[in-house]
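> From first to last, the protein sequence lines stand for chains V and H.
Start counting at 1 in the first sequence, then tack on 1, and there's your number in our numbering.
Start counting at 1 in the second sequence, then tack on 98, and there's your number in our numbering.
Ideal Cβ placement from N, Cα and C applies to all residues, glycine included.
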Amino acid sequence: MSFLTLNSLSKTYGNFTAVDAVSLEVGKGEFVSLLGPSGCGKTTTLQMIAGLVEPSAGSVMLDGRDITHEKPNRRGLGIVFQTYALFPHMTVAQNVSFGLEMRRIGKAERDRRVAEVLALVKLDRFFDRYPRQLSGGQRQRVAIARALVIEPPVLLLDEPLSNLDAKLREEMQFELRRIQQTVGTTTIMVTHDQGEALSISDRVVVMEHGRMTQVDVPAAVYDHPATEFISSFIGKMNNISGTALTSAIQSSGVILPATGSGAAEGEPVILSLRPERINIVPAGEGHLPGVVSARFFFGSHWLFNVETAVGLIIVSSPNTDRSLPPAVGQPVELAWAPESARMAARPQEVSRVEG
Amino acid sequence: MTARTHSTPWFLSLPGLIFFLGMVVLPLVLTAVLSFHAYDFNLGVRDTYTLSNYTTVLSDPYFLSIFWRTLRIAFITTVLCVMIGVPEAYILSRMWNPWRSVFLLVIIGPLLVSVVVRSFGWSMLLGSTGLISKASIMLGLGPVRILYSETAIVIALVHVMLPFMIIPVWTAIQKLDPGLESAAWSLGASRFTAMRRIILPQISLGVLSGSLIVFGLSASSFAIPGLLGGRRLKMAATVVYDEYMHELNWPLGAAIAFIVLVANLLIMLAYNRMIEARARKVLG
Ligand SMILES: Nc1ncnc2c1ncn2[C@@H]1O[C@H](COP(=O)(O)OP(=O)(O)OP(=O)(O)O)[C@@H](O)[C@H]1O
Ligand SMILES: [Mg+2]
Chain V
2 MSFLTLNSLS KTYGNFTAVD AVSLEVGKGE FVSLLGPSGC GKTTTLQMIA GLVEPSAGSV
62 MLDGRDITHE KPNRRGLGIV FQTYALFPHM TVAQNVSFGL EMRRIGKAER DRRVAEVLAL
122 VKLDRFFDRY PRQLSGGQRQ RVAIARALVI EPPVLLLDEP LSNLDAKLRE EMQFELRRIQ
182 QTVGTTTIMV THDQGEALSI SDRVVVMEHG RMTQVDVPAA VYDHPATEFI SSFIGKMNNI
242 SGTALTSAIQ SSGVILPATG SGAAEGEPVI LSLRPERINI VPAGEGHLPG VVSARFFFGS
302 HWLFNVETAV GLIIVSSPNT DRSLPPAVGQ PVELAWAPES ARMAARPQEV SRVEG
Chain H
99 MTARTHSTPW FLSLPGLIFF LGMVVLPLVL TAVLSFHAYD FNLGVRDTYT LSNYTTVLSD
159 PYFLSIFWRT LRIAFITTVL CVMIGVPEAY ILSRMWNPWR SVFLLVIIGP LLVSVVVRSF
219 GWSMLLGSTG LISKASIMLG LGPVRILYSE TAIVIALVHV MLPFMIIPVW TAIQKLDPGL
279 ESAAWSLGAS RFTAMRRIIL PQISLGVLSG SLIVFGLSAS SFAIPGLLGG RRLKMAATVV
339 YDEYMHELNW PLGAAIAFIV LVANLLIMLA YNRMIEARAR KVLG
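1) In the DSSP output, which residue or residues are listed as bridge partners for residue 215 of chain H?
2) If the cut-off is 9 Å on Cβ atoms, which residues from the stretch 276 to 297 of chain H count as contacting chain V, listed in chain order?
3) Could you name each continuous beta strand (DSSP E) segment of 3 residues or more that falls completely within the stretch 201 to 263 of chain V, going from the start of the chain to the end?
4) Taking C-beta pairs closer than 7 Å, name the residues in chain V that residue 299 of chain H reaches, listed in chain order.
5) So, at 6 Å on beta carbons, what are the nonlocal neighbours of residue 246 of chain H in its own chain, with the 5 sequence-adjacent residues on each side left out?
6) According to DSSP, is residue 270 of chain V helix, strand or coil?
7) The beta strand (DSSP E) spanning residue 345 of chain H covers which residue range?
8) How should residue 350 of chain V be labelled, buried or exposed, when 16 other C-beta atoms within 10 angstroms of its C-beta is the threshold for buried?
9) Check residue 330 of chain H in the structure and name its three-state DSSP category.
10) Spell out a yes or no on whether the stretch 276 to 293 of chain H and the stretch 65 to 85 of chain V are touching, meaning 3 or more CB-CB pairs, one atom from each, closer than 8 Å.
11) In angstroms with no decimal places, state the Cα-to-Cα distance between residue 124 of chain H and residue 264 of chain H.
12) Scan the stretch 136 to 205 of chain V and note each continuous beta strand (DSSP E) run of 3 residues or more that stays entirely inside, going in chain order.
13) Among V/289, V/311, V/341, which residue has its Cα nearest to the Cα of residue 275 of chain V?
14) Our contact map puts residue 208 of chain V next to residue 43 of chain V with C-beta atoms below 8 Å; I'd like the distance itself, whole angstroms only.
15) What are the uninterrupted segments assigned as beta strand (DSSP E) that are 3 or more residues long and contained completely in the stretch 99 to 174 of chain H, given in chain order?
16) Can you give the beta carbon distance from residue 147 of chain V to residue 100 of chain V, rounded, assuming they're within the 8 Å contact cut?
17) Hey, quick one: how far does the beta strand (DSSP E) through residue 283 of chain H stretch, first residue to last?
18) Let me confirm a value: residue 235 of chain H is counted as buried when at least 16 other C-beta atoms fall within 10 Å, else exposed. Which label applies?
19) Quick one: Cα of residue 152 of chain H to Cα of residue 346 of chain H, how far?
20) Any beta-carbon of chain H closer than 8 Å to the one on residue 19 of chain V?
21) Chain H beta carbons: is any one of them nearer than 8 Å to that of residue 94 of chain V?
22) Where does residue 335 of chain V sit, in a helix, a strand or coil, going by DSSP?
23) Sort V/236, V/232, V/233, V/271 by Cα distance to residue 251 of chain V and report the nearest one.
24) Using a Cβ-Cβ distance cut-off of 8 Å, determine whether residue 84 of chain V contacts chain A.
25) Residue 73 of chain V versus chain H: which residues are under 8 Å apart at the beta carbon?
26) In its own chain, which residues sit with a C-beta less than 7 Å from the C-beta of residue 69 of chain V, not counting the 5 before and 5 after it?
27) Between residue 103 of chain V and chain H, is any beta-carbon pair separated by less than 8 Å?
28) How about residue 207 of chain V: is its Cβ closer than 7 Å to a heavy atom in ligand 2?
29) If we count the other Cβ atoms within 10 Å of its Cβ and call it buried at 16 or more, is residue 120 of chain V buried or exposed?
30) Alpha carbon to alpha carbon, what distance is there between residue 5 of chain V and residue 248 of chain V?
31) Bridge partners for residue 133 of chain V per DSSP, in chain order?
32) Tell me the rounded alpha-carbon separation between residue 326 of chain H and residue 250 of chain H.
33) If you draw a straight line from the alpha carbon of residue 345 of chain V to that of residue 206 of chain V, how long is it in whole angstroms?
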C-alpha cells in the first residue's frame with residue numbers, strides 16, 4: 002500500500018510541458034530521489050506535491066486522501082528549500098519553533114520539541130544565533146530541523162546539499178540519511194547529483210524533459226540503465242555500437258563478449274560497459290587490444306583513456322599497490338566478464354520496480 | 099605631488115560645493131539672520147536685532163494651532179500612506195507583466211503632472227458643486243463639501259505621496275527570497291500570518307524610510323494646502339507665504355520657517371535613529 006501517490010501529474014506553462022504525466026508510488030518511510038539534469042522538472046514536481054504549484058492535470062494522494070487542491074498550509078508537509086529560506090529576523094530556535102506556533106502548541110511543549118530536534122541535527126549550541134551567523138552546513142541543518150519538528154508525514158527536500166562544498170556535502174549526505182532513518186519520515190529528495198541519489202536513497206526516479214524514464218533501486222539504475230541517456234548521466238559508461246551475435250557483438254571487425262537482451266543475430270545493438278568493470282590484462286589474455294592515450298590519478302583509482310579499434314574506451318582501475326600502472330603510449334589488452342557488458346537494441350521502454 | 103593629490107578631491111567637488119553653499123546654505127543663513135531682525139508696521143525691517151519674532155510665534159495660539167495642524171496632517175497622511183501603500187506594493191510585487199508595468203505607471207503617473215493641476219482636479223471633484231457632492235445629492239444624502247477642509251488636504255496629500263511609500267517598500271519586497279513565504283505556508287501559516295510574521299518584519303525598513311520621506315514632504319507641502327485648504331486652513335508653508343507676501347512681515351515669516359525647519363529636523367532625526375536601530379536588528 003503506497004503512502005504518497007502521484008497519478009499522471011502534469012504541469013504545462015503555456016504550450017511548454019514542464020512535467021509530463023509523472024506517476025509514482027512511494028511507500029511509508031521510504032527515501033526516494035528525483036534525479037535529472039537541470040530544467041527537467043524536478044522542482045516543479047516537488048512543488049506540486051507541496052502545493053506551491055498548481056498541477057495542470059493529475060492528482061496527488063497522501064495516505065488515501067486526495068490533496069491535489071489543498072492549500073500548502075493545510076498539507077502539513079515538511080519542505081527544505083534549495084535556498085533554505087530561513088527567516089532571517091528570527092533566531093535558530095524561533096525559526097524551528099515557528100511551525101509549532103502555527104499549530105498552537107504550548108510554550109513548554111514547543112521548547113522541548115525544539116531542543117529535541119536541534120539535538121538530532123547536532124545544533125544544540127546554536128539556539129540564539131541568527132541564520133546569518135551560521136555556516137552553510139549549519140543553516141541547512143536548521144532548515145531540516147524546522148521541517149522535521151512539525152513531524153510531517155512527508156519530507157520534501159529540494160537540492161538541499163547543492164550549496165555545500167564537496168567534503169561537507171558528503172558528510173551531510175550520510176547525516177541526512179541518519180536523520181531520516183532515525184525519524185523514519187517518508188522523504189523525497191530532488192538532486193542533480195547522481196552520486197548523492199545513488200548513495201542515500203532507497204529508490205531513484207530518473208527524470209528527463211519532464212518525463213520519468215526509470216524508477217529503480219540505485220544499484221539497478223546504475224547496472225541496468227533503461228536508456229542510453231541514463232547510462233551516460235549516471236556514472237561513466239562506454240557505449241560501443243555493433244551488430245548482435247550470440248553472447249557477443251561484432252564491431253569494427255572485433256568480437257566482444259556480452260550478455261544479450263534477446264536481440265536477434267545481426268540486429269544493430271549498443272554494448273554498454275562500465276569503466277570499472279574492465280580489467281587491464283597481460284597480452285594475449287584480453288578481448289580488445291589498445292594503447293593508453295592518457296591517464297588520470299584520482300587517489301582511490303586510476304582512469305585510463307585507451308585507444309582501440311572500436312574507439313576510445315575509458316578504464317578505471319583501483320589504486321592497489323600490486324603493480325605499476327601502465328604508462329601513456331603503452332600497448333594494453335582489455336578484458337571483462339560477459340555479464341558486465343550489456344547489449345541492448347534501441348529504442349527501449351521504461352523499466353520499473355515497485356517499492 | 100602630494101599637495102596635488104590632496105587638493106584634487108577638493109578641486110573636483112568644487113562645483114558641487116559652490117552649488118550647495120550658494121543654493122542651500124546661503125539662503126538658510128540669510129533666513130536665519132532675517133528672523134532676528136526687528137519689524138515695524140510703518141517702517142518695515144529694522145536693523146536692530148531681537149528675539150521678539152520667536153516669542154510672538156511661540157506664544158500666539160494662532161501659529162501654534164497651525165504647527166499642530168501641520169504635524170497632525172503630516173502624521174495622518176503618513177499613516178494612510180503606510181496602510182494603502184504597503185498592501186499595494188505587495189500586490190504589485192505579485193503581479194506579472196504586462197499588468198505590473200501598467201499599474202506601476204498608474205502609481206507613478208501622478209508625479210508626471212504638476213501639483214497645481216492635480217490640486218485643481220481634486221478641487222473640482224471635492225467642491226460643493228463637484229462630482230462627489232453631486233453624486234451624494236443624487237443618492238439623496240444632501241450636498242457634501244469636502245473642499246477647504248483638512249480631509250481634502252489629506253486626500254490630496256495621500257494621492258501625491260503614495261509613490262514615495264510604494265517605491266521603497268516595493269524595492270524591499272523585491273529583495274526578499276520568494277521561498278520565505280512558501281516556507282511559512284508549508285509550516286502551516288495562513289497567507290495573512292505569513293505576511294504579518296515573515297514579510298512585514300523584513301520590509302519594515304522600506305516602510306520606515308518611505309514614512310520618513312512622506313512625513314517630511316507632507317509637513318512642508320505648500321501647493322496642496324494652499325489650493326485645497328482655502329483661506330482659513332493654513333499649514334506651516336502657507337502661513338510663511340502669507341507673512342512674506344501679504345503681511346510683508348519677512349522677519350516673522352523667517353522665524354516661522356526656522357521653527358518648522360528645526361521641528362521637522364528633530365522629528366526626522368529621531369525617526370532616523372529608530373530606522374538605524376531597526377536596520378541593525380534586521381540586517382545585523
Ligand atoms: N513559472 C514558470 N513559467 C514558465 N516555465 C517555467 C516556470 N517554472 C519553471 N518553468 C520551466 O519548467 C522547466 C522545469 O523547471 P524546474 O524548476 O522544475 O527544473 P529543475 O529540474 O528543478 O531544474 P534545476 O535542477 O535547474 O533546479 C524548466 O524548463 C523551466 O524553465
Ligand atoms: Mg530545481
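Considering the structure as presented:
1) None, per the DSSP bridge assignment.
2) 276, 277, 278, 279, 280, 281, 282, 283, 284, 285, 286, 287, 288, 289, 291, 292, 295, 296
3) Runs of the beta strand (DSSP E) spanning 3 or more residues and lying entirely within the stretch 201 to 263 of chain V occur at 204 to 209, 212 to 217, 239 to 246, 249 to 252, 255 to 258, in chain order.
4) 90
5) 328
6) strand
7) That residue, residue 345 of chain H, is in no beta strand (DSSP E); it is neither H nor E in DSSP.
8) Here residue 350 of chain V scores only 41 on pLDDT, less than 50, and its place in the model is too uncertain to base an answer on.
9) In the three-state reduction of the DSSP assignment, residue 330 of chain H falls in the coil class.
10) Pairwise C-beta distances place the stretch 276 to 293 of chain H in contact with the stretch 65 to 85 of chain V, as three or more of them are shorter than 8 Å.
11) 34 Å
12) 155 to 159, 187 to 192
13) V/341
14) 6 Å
15) 135 to 138, 142 to 147
16) 6 Å
17) First-last for residue 283 of chain H: 276 to 284, but that is the alpha helix (DSSP H), not the beta strand (DSSP E).
18) exposed
19) 17 Å
20) no
21) no
22) strand
23) Measuring from the Cα of residue 251 of chain V, the nearest candidate turns out to be V/271.
24) Included in the structure are the protein chains V and H, with no chain A among them.
25) 280, 283, 284
26) 56, 60, 61
27) yes
28) Flag unset: Cβ of residue 207 of chain V not near ligand 2.
29) exposed
30) Roughly 42 Å separates the two Cα atoms.
31) Paired residue(s): none; residue 133 of chain V is not in a bridge.
32) 6 Å
33) 21 Å
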